[in-house]
Amino acid sequence: MTTTETTTTAAATTTTKIITTTRPVTTTTRPIVTTTRPIATTTRPIATATTTTTKITTTTMTTRATATVTVTVITTTTTTTTTTTTMTTTATTATTATTTKITTITSTTTTKI
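Take the sequence shown: its position 67, counted from the start at 1, is 319 in the numbering used here, and no numbers get skipped.
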């Protein structure tokens with residue numbers, strides 16, 4: 253608090269007081285935005301394996317009429333194995349705002365006597 257007094261003496265007396273009051277500083281801190289979002293999601297095959305198996309079976313038979321019959325069976329099996337990996341990266345961003353408020357009140361009182 254600051255007080256200033258002015259006194260004038262003549263035919264009349266004038267007294268001026270200036271009172272200045274400063275309130276305490278108010279500081280407010282609050283988070284404005286907190287954002288969590290995926291940056292990148294990547295899906296890619298790591299390994300692909302293909303296996304092919306071929307089985308050939310041949311059977312030869314002789315019949316009573318002296319004929320030869322040959323039966324050939326071909327079996328093909330194809331197996332494909334794919335391994336997929338998904339990777340996700342997450343980023344978190346926080347923004348904080350700080351507000352400082354100072355209030356000053358000045359009042360002037362003039363008294364003429």
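Ideal Cβ placement from N, Cα and C applies to all residues, glycine included.
- In the DSSP assignment, VAL323 falls within the beta strand (DSSP E) that extends over 320-353.
- The beta carbon of LYS307 sits closer than 6 Å to those of THR327, all from its chain and outside the five residues before and after it, given in chain order.
- Here the alpha carbons of THR324 and THR312 stand approximately 9 Å from one another.
- Straight-line measurement puts the Cα of THR303 at about 24 Å from the Cα of THR295.
- Between the beta-carbon of THR300 and that of THR331 there is about 11 Å, and that puts the pair past the 8 Å contact cut.
- Per DSSP, reduced to three states, the secondary structure at PRO276 is coil, with no helix or strand assignment.
- A distance below 8 Å between beta-carbons, with the five flanking residues on each side excluded, links THR344 to the following residues of its chain, in chain order: THR286, THR287, THR288.
- Bridge partners of ARG296 according to DSSP: THR337.
- In this structure, the straight-line span from the alpha carbon of THR274 to that of THR351 is close to 17 Å.
- For THR310 against THR320, the beta-carbon gap comes to about 12 Å, at or over 8 Å, which does not count as contact.
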